[in-house]
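Going by full-length UniProt numbering, the first residue of the sequence shown is number 1, and it counts up by one from there. Below you'll find the structure, written out as structure tokens, and then a few comments.
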Amino acid sequence: MTDKRIILVTGASKGIGRATAKVLAAEGAHIIALARSTEALEKLDDEVRAETGENATLITLDLKDGSSIDRIAAPLMERFGRIDGLVANAGILGTLGPLETVSPRSFEDTININLTANWRLIRALDPLLRKSDAGRAVFLTSGVAENPRAFWGPYQASKAGLEALIKAWAFETEQSSLNVNLFNPGATKTDMRFSAVPGEDQSLLPTPEDVASKLAYYVSKECDLHNQRISYRDL
1 MTDKRIILVT GASKGIGRAT AKVLAAEGAH IIALARSTEA LEKLDDEVRA
51 ETGENATLIT LDLKDGSSID RIAAPLMERF GRIDGLVANA GILGTLGPLE
101 TVSPRSFEDT ININLTANWR LIRALDPLLR KSDAGRAVFL TSGVAENPRA
151 FWGPYQASKA GLEALIKAWA FETEQSSLNV NLFNPGATKT DMRFSAVPGE
201 DQSLLPTPED VASKLAYYVS KECDLHNQRI SYRDL
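Right, here's the structure in full:
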């Protein structure tokens, strides 16, 4: 078991997840980086090792594969004995457009990755987070969960569901040392944002590194917030 804080980051191969993993590693945490692409994870590991002298733990996993999520807890418990933080960043945009044009597969994938996978992560990792003396979990949400709009149906439904789910877990953990929060990064210079709003001037948007510099605090031992919805634009 390491004395470093052990932080699991989903969607760690690119965008906000990748930037957050690097910030946390630079701050001295041991990173468990989870994503679908082994190649991208290995590149992240190379960069973390070059900058910190330490390796990350890499998990190649598709969050649509629920049974694989269920199996991650046992080896992590055996190796580390706990998890100190979870940055639940992974998500997909899905299909934007009229609801009647969305295919069943696209709808189901959006719900599975953005909502159901996070429930499975809670189910798997709750016991490990409770082993920490300062367990922290932060889940990335979106402004459309609070302010829904046309053509974003599956994505905003998944994020609204996620917010309700995380609020429930936060109420359930009130008497523990585990703090659970939501974080809305807002429009950020990422591939997902470009897919959603291709005509936008991305030079005006904060970068993933800008967002990560704030997001990392919410899995730190110093963070005492619980059951909050934090917006990057308000920080």
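Yeah, the Cβ is synthetic: ideal placement off N, Cα and C, and Gly gets one too.
Runs of the beta strand (DSSP E) lying entirely within the segment 77 to 103, each at least 3 residues long, are 85 to 88 in chain order. Non-local beta-carbon contacts of residue 110 in its own chain, meaning distances under 7 Å to residues more than five positions away in sequence, involve 92, 94, 154, 155 and 158 in chain order. With respect to the C-alpha of residue 214, the residue from 14, 6, 5 and 19 having the closest C-alpha is 19. In the pairwise beta carbon analysis, the segment 196 to 205 is classified as not touching the segment 159 to 175: fewer than three pairs are separated by under 8 Å.
Beta-bridge partners of residue 136 (DSSP): 85 and 179.
Ranking 142, 12 and 136 by CA distance to the CA of residue 115 puts 142 first. A distance below 6 Å between beta-carbons, with the five flanking residues on each side excluded, links residue 144 to the following residues of its chain, in chain order: 152 and 156. Taking C-beta atoms under 8 Å as the contact rule, residue 129 and residue 86 qualify, at a distance of about 7 Å.
Taking the C-beta atoms as reference points, residue 186 is found no nearer than 8 Å to residue 149.
Of the residues assessed, residue 81 falls on the exposed side of the cut-off, its CB having fewer than 16 other CB atoms within 10 angstroms. Residue 184 is bridged by DSSP to 231. Leaving aside the five residues that flank residue 137 on each side, the residues in its chain whose CB is nearer than 6 Å to its CB run, in chain order, 86 and 180. Rounded to the nearest angstrom, the Cβ distance from residue 139 to residue 166 is 5 Å, consistent with a contact under 8 Å. Judged by DSSP secondary structure, residue 38 falls within the alpha helix (DSSP H) whose first and last residues are 38 to 52. For residue 9, no alpha helix (DSSP H) segment is defined; the enclosing uninterrupted segment is the beta strand (DSSP E) at 6 to 10. Here residue 34 is buried: its Cβ has 16 or more other Cβ atoms, across all protein chains shown, within 10 Å. Membership of residue 33 in the beta strand (DSSP E) is indicated by the continuous run 30 to 35.
Here DSSP, grouped into helix, strand and coil, assigns residue 173 to coil. When the beta-carbon positions are compared, residue 227 and residue 170 come within less than 8 Å of each other.
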